[in-house]
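Data block below; observations after.
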Amino acid sequence: MADPHIQSPMDFWDKLTVVIYRCGFILAAIMTALLPYYHETAYTGVLLAAILCASSLHIYLKNFRFLLQFAAWCALACHLFGLPALALGAAFVTLGGLAFKEYFCFRVFCLNFQPLFLAFLWLSLQLNWANAVYAWSAISAVLFFILSVQKWRMPLHFDIGDKTKYQI
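Using the UniProt record's numbering, the first residue of the sequence shown is number 1, and each one after it goes up by one.
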């Protein structure tokens, strides 16, 4: 997690990756909301959101960073091998894990439960529980939306923090 009180110098790539990361959450909010209505389009959008976030995340601890990035790679591999249910689940692991991490920055009510909400959404989709899909999709989309608004309200350097703390 970044240290917002420390403002490390940011080059073009730092700024670009912060913007990409934040756009991933916007896309996650939109596509999670659309999941019950336009499943194929939203499925692709959720995968893209996970890839955007995973490709550009700034987490000091490499074990957590690699775990979340690995889940996004698994999502992509599952998609390419024709396993959309597993691909969506892996994308939700990435997005849910990042939402959990962001909870400690913003303390958004229930954001720390986003991994569970996404797991329930995934399970509801697999079991074709339509009412549950609508509910979990709405809850998750609202939380992603609130997170997106919170992220865009803060300066870009808040996402980077102290560059000397990153494990390579």
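Virtual Cβ for every residue (Gly too), placed ideally from N, Cα, C.
Practice item. Report yes if the CB atom of F117 is closer than 8 Å to the CB atom of W136, and no otherwise. Key: Here residue 117 is taken as the residue at index 117 of the sequence shown, counted from 1. Here residue 136 is taken as the residue at index 136 of the sequence shown, counted from 1. Yes, these two residues count as a Cβ contact at 8 Å.
Exercise for review: Tell me, to the nearest whole angstrom, how far the beta carbon of L88 is from that of V46; I am working on the premise that it is less than 8 Å.
Suggested key: Here residue 88 refers to the residue found at position 88 of the sequence shown. Here residue 46 refers to the residue found at position 46 of the sequence shown. Going by Cβ atoms, the distance from L88 to V46 rounds to 6 Å, so yes, they are a contact pair.
Check your understanding: With 16 as the cutoff for other CB atoms within 10 Å, does T32 come out buried or exposed?
Key -> Taking the first residue of the sequence shown as 1, we reach residue 32 at position 32. T32 is buried by the Cβ-count criterion.
Practice item. Flag this pair as yes or no: are the beta carbons of G96 and P115 separated by less than 8 Å? Key: What you label residue 96 is simply residue 96 of the sequence shown in a count that begins at 1. What you label residue 115 is simply residue 115 of the sequence shown in a count that begins at 1. Taking 8 Å as the Cβ cut-off, G96 and P115 qualify as a contacting pair.
Point to revise | Cβ-based neighbour list, A42, same chain, cut-off 6 Å, excluding 5 preceding and 5 following | key: To locate residue 42, count along the sequence shown from 1; it is residue 42. So the list reads M31, L34, L35, once near-sequence residues are dropped.
Review point. Any idea if A72 is buried or exposed, counting beta-carbon neighbours within 10 angstroms, 16 or more meaning buried?
Key: What you label residue 72 is simply residue 72 of the sequence shown in a count that begins at 1. It counts as buried.
Practice item. Going by CA-CA distance only, name the one from H157, L156, I146, Y21 that's closest to T94. Key: If you number the sequence shown from 1, residue 94 lands on position 94. Checking every option, the nearest Cα to that of T94 belongs to Y21.
**Study point:** Short Cβ contact (8 Å threshold) for V18 with L156
**Key:** Position 18 of the sequence shown holds residue 18. Position 156 of the sequence shown holds residue 156. Yes. Within cutoff.
Point to revise | Nearest-angstrom beta carbon gap, F145 and A29 [assumed within contact, 8 Å] | key: Taking the first residue of the sequence shown as position 1, residue 29 is located at position 29. Taking the first residue of the sequence shown as position 1, residue 145 is located at position 145. The Cβ separation is near 4 Å, so the contact holds.
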